[in-house]
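Under the numbering used here, the letters of the sequence shown match residues 136 to 360, in that order. This report concerns only the one structure given below.
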Amino acid sequence: MSKGVFITLEGPDGCGKSTQSRMLRDALAAAGYDVVRTFEPGGTGIGHRIREIILDTKSSGMCGITEFLLYAADRAQDVHEVIMPALAAGRIVIGDRFFDSSIAYQGYGLGMDVEAVRAVNAIATRGLIPDLTVLLDIDPAMGVARATGGRDADRIERRRLEFHASVRNAYLQMAAGEPGRFRVVGVGDRSIDQVHAAIRREVFEFLANRASCARGQSQLGAREV
Ligand code: ADP
Ligand code: TYD
Numbered sequence: 136m137s138k139g140v141f142i143t144l145e146g147p148d149g150c151g152k153s154t155q156s157r158m159l160r161d162a163l164a165a166a167g168y169d170v171v172r173t174f175e176p177g178g179t180g181i182g183h184r185i186r187e188i189i190l191d192t193k194s195s196g197m198c199g200i201t202e203f204l205l206y207a208a209d210r211a212q213d214v215h216e217v218i219m220p221a222l223a224a225g226r227i228v229i230g231d232r233f234f235d236s237s238i239a240y241q242g243y244g245l246g247m248d249v250e251a252v253r254a255v256n257a258i259a260t261r262g263l264i265p266d267l268t269v270l271l272d273i274d275p276a277m278g279v280a281r282a283t284g285g286r287d288a289d290r291i292e293r294r295r296l297e298f299h300a301s302v303r304n305a306y307l308q309m310a311a312g313e314p315g316r317f318r319v320v321g322v323g324d325r326s327i328d329q330v331h332a333a334i335r336r337e338v339f340e341f342l343a344n345r346a347s348c349a350r351g352q353s354q355l356g357a358r359e360v
């Protein structure tokens with residue numbers, strides 16, 4: 136079975152994931168890659184309905200465990216319906232959020248047992264781990280302001296700034312703990328195009344290294360025969 140490449144974009148609310156994941160998809164497609172983009176919560180039809188329940192301000196009575204299991208259910212459907220079939224077909228999948236979001240938001244942000252969050256995630260993802268994760272780092276106040284723009288904040292965005300600050304710190308800690316998988320791109324005052332250029336550099340370098348490893352392995356295989 137051919138195996139594609141799974142790249143995720145992560146970061147606090149409003150860091151630019153939706154904008155950047157679309158730009159990255161277009162850049163990879165223009166370079167000739169077969170690429171598909173998905174997002175969580177809501178990348179599938181079933182996930183879209185789950186997203187509405189989670190983010191609705193009328194869901195204010197929702198407990199943290201329910202919230203977490205809904206994100207996990209959305210993720211299981213995304214893996215089943217979009218991500219696994221695309222990877223099996225050898226495509227590049229760009230995920231706008233994946234399990235690291237639950238570790239950062241429900242684990243560190245809401246204070247749920249991080250090991251339990253990881254264990255449920257492993258069921259939802261069937262053990263799938265991204266090949267590369269780009270963390271877009273942004274000051275949480277700036278991120279929430281950008282995310283809401285002119286519209287009303289959703290249920291998660293309404294949480295206090297300390298919550299969003301702990302999410303940001305969690306992401307930075309996770310990136311430091313897994314330097315092989317994570318690349319951190321600082322957003323700050325950089326324009327959309329400047330951030331895109333930085334992401335593009337990281338991703339194309341990763342793909343080039345991966346291709347040269349694969350070539351190296353196949354040459355080794357040929358010598359062994
Ligand atoms: P996310 O998906 O992480 O919430 P979005 O891509 O939806 O972020 O961006 C949130 C808002 O911020 C959008 O209005 C977007 O146009 C704007 N935005 C994104 N990146 C930047 C940037 N580098 N500079 C200024 N505005 C940005
Ligand atoms: P998203 O649509 O990515 O929002 P944004 O573009 O503003 O970052 O995600 C909606 C919200 O869901 C966002 O506040 C982050 C939150 N979230 C979690 O708390 N846990 C999760 O596992 C996921 C996937 C998202």
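Ideal Cβ positions, reconstructed from N, Cα and C, are used throughout, including at glycine. The structure presented is a predicted model; accordingly, all values stated were derived computationally and were not measured.
Please list, in chain order, all residues of the same chain as residue i whose beta carbon is under 8 Å from its beta carbon, the five residues on each side excluded.
{"i": "Ser153", "result": "Phe174 and Asp231"}
{"i": "Gly151", "result": "Leu271, Ile273, Arg281, Val322, Ile327 and Val330"}
{"i": "Val249", "result": "Ile238, Gly242 and Tyr243"}
Please go through the same chain and pick out, in chain order, the residues whose beta-carbon is closer than 6 Å to the beta-carbon of residue i, but skip the five residues on each side of it.
{"i": "Arg318", "result": "Val269 and Glu337"}
{"i": "Arg160", "result": "Val170, Arg172 and Ile229"}
{"i": "Ile142", "result": "Ile229 and Leu267"}
Assuming residue i contacts residue j under a Cβ cut-off of 8 Å, what Cβ separation, rounded to an integer in Å, is found between them?
{"i": "Val279", "j": "Asp148", "result": "6 Å"}
{"i": "Glu216", "j": "Thr179", "result": "5 Å"}
For residue i, name the three-state secondary structure that DSSP assigns.
{"i": "Thr179", "result": "coil"}
{"i": "Ile188", "result": "helix"}
{"i": "Glu359", "result": "Bear in mind that a pLDDT of 41 at Glu359, under 50, signals an unreliable position, so the number given afterwards is only what the model happens to contain. In the structure shown, Glu359 sits in a helix (DSSP, three-state: H, G or I)."}
{"i": "Ile327", "result": "helix"}
{"i": "Glu292", "result": "coil"}
{"i": "Ile273", "result": "coil"}
{"i": "Ile264", "result": "coil"}
{"i": "Arg157", "result": "helix"}
{"i": "Asp287", "result": "coil"}
{"i": "Val376", "result": "Past the edges of the chain, shown from 136 to 360, lies residue 376, and the structure says nothing about it."}
{"i": "Arg368", "result": "Within the shown structure, residues of the chain are numbered from 136 to 360, placing residue 368 beyond reach of any answer."}
Pick out whichever of the options has its Cα sitting closest to the Cα of residue i.
{"i": "Asn256", "options": "Val214, Val302 and Asp289", "result": "Val214"}
{"i": "Ile264", "options": "Leu222, Ala288 and Ile291", "result": "Leu222"}
{"i": "Gln241", "options": "Arg294, Ala311 and Arg261", "result": "Arg294"}
{"i": "Leu163", "options": "Thr192, Val320, Tyr206 and Val140", "result": "Val140"}
{"i": "Tyr168", "options": "Gln352, Asn304, Met309 and Leu342", "result": "Leu342"}
{"i": "Arg261", "options": "Arg226, Ala208 and Gln308", "result": "Ala208"}
{"i": "Arg316", "options": "Ala211, Asp266 and Arg186", "result": "Asp266"}
{"i": "Met309", "options": "Ser236, Asp289 and Ile334", "result": "Ser236"}
{"i": "Cys198", "options": "Phe339, Ala254 and Leu245", "result": "Leu245"}
{"i": "Phe234", "options": "Arg335, Glu145, Glu340 and Gly351", "result": "Glu145"}
Excluding the 5 residues flanking residue i on each side, which residues of the same chain have their C-beta closer than 7 Å to its C-beta?
{"i": "Arg226", "result": "Gly139, Asp169, Val170 and Val171"}
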